[in-house]
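Inspection log for the structure reproduced underneath, given as structure tokens.
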Amino acid sequence: MGKKSKRYRAALEKQPANTLPLDEAVTALKAYDSTKFDQTVEIHMRLGVDPNQADQIIRGSLVLPHGIGKQQRVVVFAKGEAADAAKEAGADEVGQEDLAKKIKDGWTDFDVCIAAPDMMGLVGPLGRVLGPRGLMPSPRAGTVTPDVGKVVGEYKAGKVEFRNDKGGNVHAMVGKMSFEADKLVDNINAFIQFVDGLKPQTIKGTYVKGVAICATMSPSVRVTC
Numbered sequence: 007m008g009k010k011s012k013r014y015r016a017a018l019e020k021q022p023a024n025t026l027p028l029d030e031a032v033t034a035l036k037a038y039d040s041t042k043f044d045q046t047v048e049i050h051m052r053l054g055v056d057p058n059q060a061d062q063i064i065r066g067s068l069v070l071p072h073g074i075g076k077q078q079r080v081v082v083f084a085k086g087e088a089a090d091a092a093k094e095a096g097a098d099e100v101g102q103e104d105l106a107k108k109i110k111d112g113w114t115d116f117d118v119c120i121a122a123p124d125m126m127g128l129v130g131p132l133g134r135v136l137g138p139r140g141l142m143p144s145p146r147a148g149t150v151t152p153d154v155g156k157v158v159g160e161y162k163a164g165k166v167e168f169r170n171d172k173g174g175n176v177h178a179m180v181g182k183m184s185f186e187a188d189k190l191v192d193n194i195n196a197f198i199q200f201v202d203g204l205k206p207q208t209i210k211g212t213y214v215k216g217v218a219i220c221a222t223m224s225p226s227v228r229v230t231c
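Every letter in the sequence shown is one number past the one before it in my numbering, and letter 46, counting from 1, is 52.
Here it is, written out as structure tokens:
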């Protein structure tokens, strides 16, 4: 592990030793020394799932109440009226074969890829490029949809996607440090409640084992579950 900065070491001295209620945890996070840029706030949830079981994969997307403080770049595979709707909703790029070739050649300068169902024959072969970067459109994530205009609008408004990792943990962006504390609390609460609602019926024992929030260059603060 690299050497921690003086600012980070000073922040560690302020790190709460115990878990805190969410509102207090956000206050503690915002009390860390600031940086020259607006840090991203993240949530990390440790879940009691077996990621090797298909019926225990935790994956989804939701629009946070106050957005994420970031303008997401969205590309769309669509044609006809669906393409027009995507452009009207603010998609950064809309295309078909031309867009597929551009991505196949290595272009991935975007945050979200959305596809109309009739475009998946074109998008499928791009899995080698999009898959490892978490950009492959998926019906389960809501990025393969006949209503591309609506979904583009949701991502532009601050929709986030998530999927548990190999350790059964879920991570997501929930805002910026510049957000007012109550807005961060709203966003984090919405995310926790959404993930809680995805609890598989096959889970035995504790589902949410731990929750922590942190910013790009700050220590974490553990949240009382």
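Glycine included, C-beta positions come from ideal geometry on N, C-alpha and C. Predicted, not measured: the structure shown is a model, and the values here were computed from it.
Anyone know if the C-beta pair for residue 194 and residue 35 falls short of 7 Å?
no
For residue 110, I'd like the list of residues in its chain whose CB is within less than 7 Å of its CB, leaving aside the five on either flank, ordered along the chain.
Excluding sequence positions up to five before and after residue 110, its CB lies within less than 7 Å of the CB of 132 and 135, all in the same chain and listed in chain order.
Quick check: the Cα distance between residue 7 and residue 204, rounded to an integer number of angstroms?
Per-residue confidence for residue 7 stands at a pLDDT of 49, beneath the threshold of 50, marking its modelled position as unreliable; the derived number appears in the next sentence. Going by the C-alpha atoms only, they are around 35 Å apart.
Residue 200 to residue 46, Cα distance in whole Å?
Straight-line Cα distance between these residues: approximately 20 Å.
Opening and closing residue of the beta strand (DSSP E) in which residue 179 lies:
175-182
With a floor of 4 residues, list each alpha helix (DSSP H) that falls wholly inside the segment 41-114, ordered by position along the chain.
86-94 and 103-110
How about residue 155 and residue 95: are their beta carbons less than 7 Å apart?
yes
Identify which residue in 115, 69 and 142 has its Cα closest to the Cα of residue 197.
69
What's the C-alpha gap between residue 185 and residue 17?
Near 19 Å, if we compare the C-alpha coordinates of residue 17 and residue 185.
Simplified DSSP state of residue 12, which is helix, strand or coil
In the structure shown, residue 12 sits in a helix (DSSP, three-state: H, G or I).
From the DSSP output, in three-state form, read off residue 196 for me.
helix
Please confirm whether residue 121 and residue 150 have their CB atoms less than 7 Å apart.
yes
Assuming residue 74 and residue 183 make a contact with CB atoms under 8 Å, what is their CB distance in whole Å?
About 12 Å; that fails the 8 Å criterion.
Under DSSP, the beta strand (DSSP E) around residue 133 begins and ends at which residues?
It is not in any beta strand (DSSP E) - residue 133 instead sits in the alpha helix (DSSP H) that spans 133-136.
Hey, out of 210, 175 and 118, whose CA is closest to residue 79's CA?
Checked all of 210, 175 and 118; the closest Cα to residue 79 is 118.
Please list, in chain order, all residues of the same chain as residue 224 whose beta carbon is under 6 Å from its beta carbon, the five residues on each side excluded.
Closer than 6 Å at the Cβ level, and outside the excluded window around residue 224, lie 17 and 38.
What are the start and end residues of the alpha helix (DSSP H) that includes residue 32?
28-36
Applying the criterion that 16 or more other CB atoms from any shown protein chain within 10 Å of the CB defines a buried residue, is residue 146 buried or exposed?
exposed
Label residue 97 either buried or exposed according to how many other C-beta atoms from any shown protein chain fall within 10 Å of its C-beta, with 16 as the threshold for buried.
buried
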